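Peer 1: In our numbering, the protein residues as written are 25 to 581.
Take a look at this one; I'll ask things after.
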């Protein structure tokens, strides 16, 4: 009976997908999927999850991959790497398309093998100052890399090509590339405070080449980058993850493709919507999705906190298999994606992704644009529109962990804010850069907008067209180094940045053509190439168009 219900579910999905808009062939704008499962030996937070249960989870993950002939990547924490049954099992599966690489959370056997003292509460401790490389000095990080690499080579006959973690510091990542030639890496989605880890303002999806001084910061030059593409993990909800938990929350909730996520990857309706957004909607250059789950969540152990991984993956994998057979997506290992990225891009490319329907049916839409110079997020909520986010990237901005060990149980990686719709907001007032009309008295009023039209243009350029309810048309064009907005002739308008009262803003000065800002002692600027900036009562600043056009330069360094 259960098998019959599952068959009918697949038929239903096939019918739904058959009615979906046809995307461009995958070769034109690749939609790339990595199935990445990372592997720990133990889960000390509960006695219910035993080492046997965690091992069986990996066995079942491999079994499901083989059922659909899907390639997958398994990243081993050191404690799993030194365990004979993981060694034997995964060595035998490499021939079936499985990639084995490294998962960079630090454990007691790992530190002891490197001759270092273990300071954790358990043999695996998720606190940032002991469970991640940021908690160790640069010299200690190199010892941890060396002992792992040699052990991996002794087991698998070569060094790992792929290394992943929630976050890896630049010194460790650069050392792994310089000495051992790793091909690809992956890190956590953008989030604020979740599990004690803040990664905020970065290259929002897809992949980037990190700065030699900051592994979370995209580099602008070949000389300043680590030539290892870092792919963003977990498949964030492009509409709702940004505000998840609400402004002012100490940590965000999670809405991702993870199969144990009730609102996300464990929900068939959400998965259908997410796949349509990522694989069918406009996406500049390429789009990327990471599927899979760490074995700590177990295969079929259901409890109050999360549902069964088994149900989520058994729902997702046949869909991915069907999409692959339709040539809508490429499913490949992380190493393969890393090689493709390096073959096609000498520096970080400009990319975008769109979600132009709302799985909650609340009228929200979004477009993300990323380049090596900045990221921005456009957000529609009913007829309201705003730039929800603009963060600038500068390879010279050093992370807190470049030359010294972090001592906090938490970790913080951030970039340079120009607009921050989460940190500068409250539940009563959402920050953003808005297009407003100006009436005969000079009073500004937010405009009502309709649905956008998103078009991928040549030369890594994205165009977004959006009209108002009264017929005015605005065209927003995003380039690698900045963006421009063109409004209708004869219609008075401008842009206004508003933030909640009491928000901690980085701006030092604002003149006619330039914003000067400072974040954690680092100075940066943005220039208004066309239009004029002004200080306006009731908002942080305004931008008045010149000949119906505003052009912002986010690329000056």
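A virtual CB, placed ideally from N, CA and C, is assigned to each residue, including glycine.
Computed from a predicted model, the values in this text were never measured in an experiment.
#1: Confirm, please, whether the CB-CB distance from residue 323 to residue 84 is below 8 Å.
#2: For residue 423, which three-state DSSP category applies?
#3: Report yes or no: do the segment 180 to 194 and the segment 224 to 232 share at least 3 C-beta pairs separated by less than 8 Å?
#4: Under 6 Å Cβ to Cβ from residue 48, same chain only, skipping five residues before and after it: list those, please.
#5: DSSP three-state label for residue 497, please.
#6: Tell me the rounded alpha-carbon separation between residue 572 and residue 372.
#7: Determine contact between the segment 537 to 547 and the segment 437 to 446, defined as no fewer than three beta-carbon pairs at a distance below 8 Å.
#8: Whose CA, out of 240, 258, 233 and 256, lies closest to the CA of residue 247?
#9: For residue 453, I'd like the list of residues in its chain whose CB is within less than 6 Å of its CB, leaving aside the five on either flank, ordered along the chain.
#10: I'd like to know if residue 554 contacts chain D, where contact means its C-beta is closer than 8 Å to some C-beta of that chain.
#11: Mind checking residue 139: buried by the 16 CB within 10 Å criterion, or exposed?
#12: Count the CB pairs spanning the segment 368 to 387 and the segment 141 to 157 that are closer than 8 Å, and state whether there are at least three.
#13: Tell me whether the beta-carbon of residue 283 lies closer than 8 Å to the beta-carbon of residue 336.
#14: Does the segment 154 to 163 come close enough to the segment 383 to 392 that 3 or more CB-CB pairs lie under 8 Å?
#15: Tell me, which residues are paired with residue 451 by DSSP?
#16: Beta-carbon separation of residue 414 and residue 397 under 8 Å?
#17: Using a Cβ-Cβ cut-off of 6 Å (strictly less than) and excluding sequence neighbours within five positions of residue 487, which residues of its own chain qualify?
#18: Determine the direct distance from the alpha carbon of residue 434 to that of residue 116, and round the result to whole angstroms.
#19: Give, in chain order, every unbroken run of the beta strand (DSSP E) that is at least 3 residues long and sits entirely within the segment 375 to 430.
#20: Roughly how many angstroms separate the alpha carbons of residue 62 and residue 363, rounded to a whole number?
#21: By the three-class DSSP mapping on this structure, what secondary structure does residue 373 have?
#22: Please state the DSSP three-state secondary structure of residue 132.
#23: Got a sec, what are the start and stop residues for the alpha helix (DSSP H) residue 194 sits in?
#24: Should residue 577 and residue 556 be called a contact, given that it needs their Cβ atoms to be closer than 8 Å?
#25: Using the C-alpha atoms, what's the distance from residue 506 back to residue 273?
#26: Anyone know if the C-beta pair for residue 199 and residue 102 falls short of 8 Å?
#27: If you measure between the beta carbons of residue 491 and residue 474, is that distance less than 8 Å?
Peer 2: With the structure as the only source:
#1: yes
#2: coil
#3: no
#4: In this prediction, residue 48 scores a pLDDT of 41, lower than 50, which makes its location untrustworthy; the coordinate-derived value is nonetheless stated afterwards. If we look at residue 48 and ignore the five residues flanking it on each side, it has no Cβ neighbours.
#5: strand
#6: 32 Å
#7: yes
#8: 233
#9: 524
#10: Among the chains of the structure shown, chain D does not appear; only one protein chain is present.
#11: exposed
#12: no
#13: yes
#14: no
#15: Answer is none; residue 451 lacks a bridge partner.
#16: Going by beta carbons, residue 414 and residue 397 fall outside the 8 Å limit.
#17: Here the set comprises 479, 481 and 501.
#18: 38 Å
#19: Those beta strand (DSSP E) runs which fall completely within the segment 375 to 430 and span 3+ residues are 375 to 379, 388 to 394, 398 to 405 and 408 to 416.
#20: 20 Å
#21: coil
#22: helix
#23: 194 to 204
#24: no
#25: 31 Å
#26: no
#27: yes
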